[in-house]
Structure formats: C-alpha cells, structure tokens
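Accompanying notes for the structure given below.
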Amino acid sequence: MADTIAVELRKVVKQFDDVFAVDNVSLTIREGEFFSLLGPSGCGKTTTLRLIAGFELPTSGEIYIDGEPQGYLPAYRRPVNTVFQHYALFPHMNVFQNVAFGLEMQHFPREAIRRRVAEALELVHLTGLENRRPRQLSGGQQQRVALARALVNQPKVLLLDEPLGALDLKLRKAMQVELKNLQHQLGITFIYVTHDQEEALTMSDRIAVMQEGKILQIGQPQEIYETPRSLFVADFIGETNFIPGKVTKNGGGLMFTLPNGAHARAGWVQDGLTNGDRAFLAIRPEKVEILSPQNNQNGKTHTLLSAQIQQVIYGGTDTRYVVALEDNVSLVARQQNSTASEIRFSIGESVNVRWEAGLARILGN
Ligand SMILES: Nc1ncnc2c1ncn2[C@@H]1O[C@H](COP(=O)(O)OP(=O)(O)O)[C@@H](O)[C@H]1O
Ligand SMILES: [Mg+2]
402 MADTIAVELR KVVKQFDDVF AVDNVSLTIR EGEFFSLLGP SGCGKTTTLR
452 LIAGFELPTS GEIYIDGEPQ GYLPAYRRPV NTVFQHYALF PHMNVFQNVA
502 FGLEMQHFPR EAIRRRVAEA LELVHLTGLE NRRPRQLSGG QQQRVALARA
552 LVNQPKVLLL DEPLGALDLK LRKAMQVELK NLQHQLGITF IYVTHDQEEA
602 LTMSDRIAVM QEGKILQIGQ PQEIYETPRS LFVADFIGET NFIPGKVTKN
652 GGGLMFTLPN GAHARAGWVQ DGLTNGDRAF LAIRPEKVEI LSPQNNQNGK
702 THTLLSAQIQ QVIYGGTDTR YVVALEDNVS LVARQQNSTA SEIRFSIGES
752 VNVRWEAGLA RILGN
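To convert, note that position 70 of the sequence shown is 471 in my numbering; the numbers rise steadily by one, no gaps.
Given below as structure tokens:
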C-alpha cells in the first residue's frame with residue numbers, strides 16, 4: 402500500500418448549537434486504504450463524512466484531500482463522492498440515466514458517457530439492466546446503482562455512509578465481500594461509516610472507533626479487537642468479560658485484585674490508573690479455558706480460578722459456558738467445537754477457569 406496521504410483531518414471540530422458532533426478529530430487516511438469510522442448512533446460518523454465531502458464546513462480545524470486544504474470548497478469541487486444508506490435514486494429515470502446523470506450535468510460528450518456508464522455498471526454487475534426503473538430492482542440492485550453512480554465520476558476517495566444498512570443480513574454479507582473486492586480492484590480510498598463492529602472488523606484496513614464526537618482509538622482490526630485501550634472500545638467491539646476489582650501494587654508490578662481477594666496479573670493497564678483505583682479486568686470469552694478441577698496448573702503465566710458451570714449454550718461452531726466465580730461474578734467462556742461431541746461440562750459442575758495472564762487488560766473508563 403502506498404504511503405501517500407489521501408485525506409487528513411487536523412483538529413476538526415463541528416458544533417451544532419451546544420452539541421459537539423465532531424470534537425477535535427485528527428486522523429490521516431492513506432491512499433488506497435479501506436478506512437472505517439465505527440461507533441454507536443449519534444457519535445458523529447455521518448458528520449465527519451459530510452465534513453470531508455463538503456456538505457458541512459468545520460467550526461474549526463482543517464481538512465486536506467490530496468494534500469490540499471479544502472477550506473470553503475463546495476462539495477462538487479472536491480475529488481470525492483458519497484454513497485448514502487438511502488440511496489435516493491431518481492424514480493422516473495432508468496438505471497442508465499441515473500448513473501449518467503452526474504456526467505450529463507458536467508456536459509461530458511455522449512460517447513464518453515456511454516462508455517463510462519457501461520464500465521461502472523459492469524463493475525457492480527448490473528450490465529443488462531440499463532432500462533430498468535429503480536422500483537423494478539431489488540434493494541441490493543438499487544444500492545449497486547447508487548454505487549455505480551458514485552464510481553462513474555472516478556473519484557479518488559469514495560465516502561460510504563452505512564451503504565448496506567438497508568439490506569437484509571445475507572445480502573449485506575454478500576455485498577461486503579463485493580465492496581471489498583471492488584475497492585481492492587480499483588485501488589480507490591474508501592472511507593466507510595458503520596455502526597456494525599463485525600462489518601468494520603471484516604472489511605477494514607484500519608478502524609477509528611468514535612464516541613461522542615471523539616476518536617477513542619485507531620488501528621488495524623486485530624489491534625482494535627485484541628488490544629482495546631478503553632472500556633468503551635473493549636465493550637463495543639466483540640464480547641468481553643469485565644471482572645470488577647482494584648488495581649493493586651504488588652512487589653513493584655501492577656496487579657489486579659478480584660472481589661474475593663485473589664490476585665491476577667494482566668498484560669496492560671490503562672493510562673492514568675494507579676494503586677487502589679477501581680477498575681475492570683477485561684478478558685475475551687474465547688481466551689478463557691475451562692478445565693476439570695483436578696487440572697489446576699497455572700504456572701507463572703496463567704490466571705487460574707475455581708468456578709461453577711451456570712449455563713451451557715450450544716451454538717454449532719462453538720459452545721458458550723457461563724461460569725460463576727466465587728464472588729457472584731459471572732464469566733463467559735467460549736469453546737470451539739472441533740469434534741462432534743464437544744459439550745464437556747454440565748450445569749452445576751465445579752471447574753477451573755484459566756487464561757493467559759498477559760491477555761487480560763486492566764481498563765478503567
Ligand atoms: N444538522 C444538525 N443539526 C443539529 N445537530 C446535528 C445535526 N447533524 C447532526 N447533529 C447531531 O450531531 C451528533 C452526531 O450526529 P451524526 O454525525 O449524525 O452521528 P452518527 O452518524 O454517528 O449517528 C448527534 O448528536 C446529532 O444529533
Ligand atoms: Mg449516521
């Protein structure tokens with residue numbers, strides 16, 4: 402991947418009355434990158450995208466595209482195109498006319514329009530449907546028309562605001578793969594907005610996790626998932642067990658004290674947390690092993706606790722066990738079902754749970 406910067410935001414703020422929709426956001430997006438803005442509804446994803454597109458102007462800060470400050474440049478002068486969740490096709494125009502519209506407005510020659518529309522429709526697999534009206538298309542096909550309408554302008558950067566949000570799950574999954582292939586094939590920079598963490602994890606080169614207008618963490622999917630730097634990120638991405646307790650200084654090293662007084666080591670402690678602070682030990686369900694009680698090896702590298710099986714939830718590829726620790730703390734442990742008869746523990750059984758100490762993270766807020 403080229404290391405040229407396609408889009409840069411420097412200390413961008415967007416205030417609507419008393420709401421900071423975007424609150425001091427700085428980030429750089431590389432050329433050809435699939436970059437996602439991920440966060441819950443209302444966290445400022447759409448506003449960030451609209452600022453890049455030029456549909457909104459920042460209250461302060463600057464946006465650079467291809468190294469050029471965008472200032473007050475209107476949307477149609479920026480080398481970006483947007484695909485929205487509600488694709489707003491013209492209902493009275495057919496597929497060809499919908500895709501050609503932008504080029505016609507720019508007075509492209511007829512032959513160039515014909516060629517570019519044909520190319521764009523081929524990219525999204527709609528060749529042959531040129532004469533259909535939007536209402537004669539499925540939701541997935543309509544979204545492809547919207548995509549073709551953006552691609553026909555050959556933008557350097559494509560902005561996509563929850564483009565698959567209106568599609569059902571199966572179609573969404575299929576379109577995720579297609580979009581990713583298309584992006585790879587064309588080498589266009591994609592800035593992709595979604596509130597769906599799984600979608601962001603599977604599609605992105607890098608993800609920015611947003612909350613209340615701020616970026617909490619930027620990283621590759623694996624970094625975001627494996628090494629969340631805050632409670633919010635750990636909670637929002639995937640599933641996490643949070644064991645309440647206290648940060649404890651123990652012989653110079655930082656440790657964690659569980660409610661029953663047991664100590665656990667951790668791989669990382671969030672900045673600003675010190676001895677005695679209330680916090681959570683975060684550990685992913687698939688990192689928690691369940692062992693029979695006589696299997697109590699923990700060595701120096703693992704945390705081992707006694708527990709009791711509370712619930713067994715068979716899920717095909719894996720089984721989820723809810724286990725109770727000594728002090729009313731419940732944990733979820735997820736075990737891959739790699740053989741046919743994989744349910745190994747039953748409700749009420751006493752067990753040990755164990756995880757690699759370094760995989761647990763102490764998170765405050
Ligand atoms: N035009 C506007 N006027 C006033 N408030 C707005 C406007 N657009 C967005 N907001 C507010 O800014 C915040 C972020 O909104 P938005 O960017 O749409 O979030 P997201 O796309 O992550 O759901 C929300 O609190 C929203 O209500
Ligand atoms: Mg939005």
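Glycine residues also receive a C-beta, built at the ideal position from the N, C-alpha and C atoms.
For threonine 447, the distance from the CB to the nearest heavy atom of ligand 2 is below 6 Å.
Following the DSSP letters along the chain, one finds isoleucine 592 inside the beta strand (DSSP E) bounded by residues 590–595. The closest CA to that of threonine 704, considering only Gly759, Thr675 and His493, is found on Gly759.
Put simply, the segment 470–488 does not touch the segment 630–641. Fewer than three CB pairs are less than 8 Å apart.
Straight across, the Cα-Cα distance linking glutamine 542 with glutamate 409 is about 33 Å.
DSSP places aspartate 562 within a strand segment (E or B) once states are collapsed to three. In the DSSP assignment, arginine 431 is bridged to Ile406. DSSP places histidine 664 in the strand class (E or B) of the three-state scheme. Per DSSP, histidine 585 is one residue of the alpha helix (DSSP H) stretching across 570–587. According to DSSP, threonine 702 shares a beta bridge with no other residue. When secondary structure is reduced to three states using DSSP, phenylalanine 485 falls in the coil class, being assigned neither helix nor strand.
Around the CB of glutamate 469, fewer than 16 other CB atoms lie within 10 Å, so the residue is classed as exposed. DSSP lists Val414 as the beta-bridge partner residues of aspartate 424.
The beta carbon of alanine 609 lies closer than 8 Å to those of Leu428, Phe436, Ser437, Leu438, Leu439, Ile616, Gln618 and Ile619 in the same chain, with the five residues before and after it left out. The three-state reading of DSSP puts isoleucine 748 in coil, since its state is none of H, G, I, E or B. DSSP places lysine 688 within a helical segment (H, G or I) once states are collapsed to three. When rounded, the separation of the alpha-carbon atoms in valine 426 and asparagine 532 is 44 Å. Between the beta-carbon of glycine 646 and that of leucine 659 there is about 5 Å, and that keeps the pair under the 8 Å contact cut.
Contact annotation: aspartate 562 and leucine 452 have beta-carbon atoms that are not nearer than 7 Å.
Checking the 6 Å criterion, the Cβ of glycine 443 is within range of a heavy atom belonging to ligand 1. For arginine 545, the closest C-alpha among the options His526, Pro556 and Arg534 is that of His526.
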